[in-house]
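What follows is a set of notes on a single structure, which appears directly below.
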Amino acid sequence: MKYPPLIDEIQANDWVYVGEGNQNLVVRYKGSLSAFARKVMRVVKSNSKAKHIDEQTLLIQKSFVDTIVGPLLGQEYITSMQPVSTSELFLTRLAANVRDDRPSKRLKTEIATSAPVAFIMADLTQIWPESPTLTFELKPKWGFKPSSSDTVTKIKTMYCRYCMHSHLRQIKLNGYCPLDLYSQNPPSLHKALDVLLKKTPIEKTLKVSINGKHISLVNRDPDAEYKSLLNINGQEPLISPILNAILLQDPILLKLKTLQADLDELDVQNILPLYSKLDNVQTDIDSLAKAVDSYKKRKSMNTNTLITDVQRVLEYVLSMTFKDCSILINVVPAKDEAQGDKFVALDNGLIFNYDVKVIDTDLKSLDKIPYWHELDRTIVAYAIETSFSKDRAC
1 MKYPPLIDEI QANDWVYVGE GNQNLVVRYK GSLSAFARKV MRVVKSNSKA KHIDEQTLLI
61 QKSFVDTIVG PLLGQEYITS MQPVSTSELF LTRLAANVRD DRPSKRLKTE IATSAPVAFI
121 MADLTQIWPE SPTLTFELKP KWGFKPSSSD TVTKIKTMYC RYCMHSHLRQ IKLNGYCPLD
181 LYSQNPPSLH KALDVLLKKT PIEKTLKVSI NGKHISLVNR DPDAEYKSLL NINGQEPLIS
241 PILNAILLQD PILLKLKTLQ ADLDELDVQN ILPLYSKLDN VQTDIDSLAK AVDSYKKRKS
301 MNTNTLITDV QRVLEYVLSM TFKDCSILIN VVPAKDEAQG DKFVALDNGL IFNYDVKVID
361 TDLKSLDKIP YWHELDRTIV AYAIETSFSK DRAC
């Protein structure tokens, strides 16, 4: 579908702030134009709002999701992005309109007002527009530890990247470990969700919204608010069992963990030397598609085929996308479990439809490999210097 261009200043008043990551900001449509009904828009950010952004560079991100991420994850887990023309006038007003809603820590970057296009996507919180929708935004991070090897520092095979990085940043996790999320083990998963939802909310890891409105896990009780919407009484928790059931049933975390580990077989300690001796590695969509094809053939044949240095480096860059993505899970009470939607049935007899999408799947830059290596070195060195340990290995 071709969307009407967003070029007039007044059109910016029809969009409201939803959230943002390092590279993009998302707004939701609240106007009356039917073409944008139940839609959100993703606009690119920059350290300098006046920085020139090339249209082709932006369109590559759409191609990356369609051509690379979709075939690897499964098309059901990605959401379509359609370009819409934007003007500097429109984006300047939009940036001003949303500024007061943005977290202060995000104000170092601005909407790139010179961007010639933005991307329209379905508002995933309105898949079932007439039903009370519960939304989880989960950033699971790394789901594996590197295999034991003479070339991989031993502590990395004992404790996961997230736990050691949090130690460096002096973030208290109170027993939370992302490997518990990925474990497919009910007690371990329950423990992880108990920390995220009750004991010490880590809102960079898990956010909860009801009907598209963010609910603070620190200052409010989303469980009570959602039960009130559904006219459910009683003290039994609801939100945690819903998310627990979905993560045990749906294969999305297993898919992410498999891709992360398969595409990063060597670890960055061994990737940097390969990267350093290569010249002019192409990261266009065709080159990445060929790398994905080679990876899939290798896995399907289950053979120890010789893997080129270029293939290793490209696979590592792809792995970083899947280590830094987010999962958006939307949930509504089921009216009819035979409608074809995914559903979970709780022990109390309640049934909920759900939808899972993976977002924030932007292509990472090959040039960041030295930075990733240095960050890894810093994390590991600090863990060793401070004798980092836990009650048990991750």
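Using full-length UniProt numbering, count along the sequence shown one by one with no gaps and you end on 394. All C-beta atoms in this analysis are idealised placements derived from N, C-alpha and C, irrespective of residue type, glycine included.
Query, Result
"Short Cβ contact (8 Å threshold) for residue 399 with Tyr-159", "This structure gives no information on residue 399, because the portion of the chain shown stretches from 1 to 394."
"Exposed unless 16 or more other CB atoms sit within 10 angstroms - verdict on Thr-135", "buried"
"Assigned exposure category for Lys-156 - 16 Cβ within 10 Å defines buried", "buried"
"Rounded separation between Ser-46 and Ile-215 - CA only", "28 Å"
"Through-space distance from Leu-363 to Gln-61, alpha-carbon basis", "7 Å"
"Separation of Leu-238 from Tyr-77, as counted between CA atoms", "25 Å"
"Assigned exposure category for Pro-370 - 16 Cβ within 10 Å defines buried", "exposed"
"Proximity to Ile-210 [Cα-Cα], best of Leu-181, Ser-131, Arg-377, Leu-263", "Ser-131"
"Reduced DSSP secondary structure (H/G/I, E/B, other) of Trp-372", "helix"
"Three-way DSSP call (helix, strand, coil) for Ile-215 in this model", "strand"
"Whole alpha helix (DSSP H) elements within the region 261-348, 4-residue minimum", "268-276, 285-301, 309-323"
"Range covered by the beta strand (DSSP E) that runs through residue 416", "Nothing about residue 416 can be reported from this structure: the residues present for the chain run from 1 to 394 only."
"Where His-52 falls, given that 16 or more other Cβ within 10 Å makes a residue buried", "exposed"
"Through-space distance from Gln-82 to Ala-37, alpha-carbon basis", "14 Å"
"Neighbourhood of Val-98 by C-beta, 6 Å cutoff - its chain only, sequence neighbours within 5 removed", "Tyr-17"
"Nearest-angstrom Cβ-Cβ length linking Ile-68 and Leu-288, presumed shorter than 8 Å", "5 Å"
"Sheet register partners of Glu-110 (DSSP bridge)", "Ser-46"
"The region 316-332 touching the region 254-264, judged by at least three CB pairs closer than 8 Å", "yes"
"Between the CA atoms of Tyr-275 and Tyr-295 - distance to the nearest angstrom", "18 Å"
"Beta-carbon contacts of Gly-19 that lie in its chain and below 6 Å, excluding the five residues immediately before and after", "Val-26"
"8 Å Cβ cutoff met for Asp-267 and Val-380", "no"
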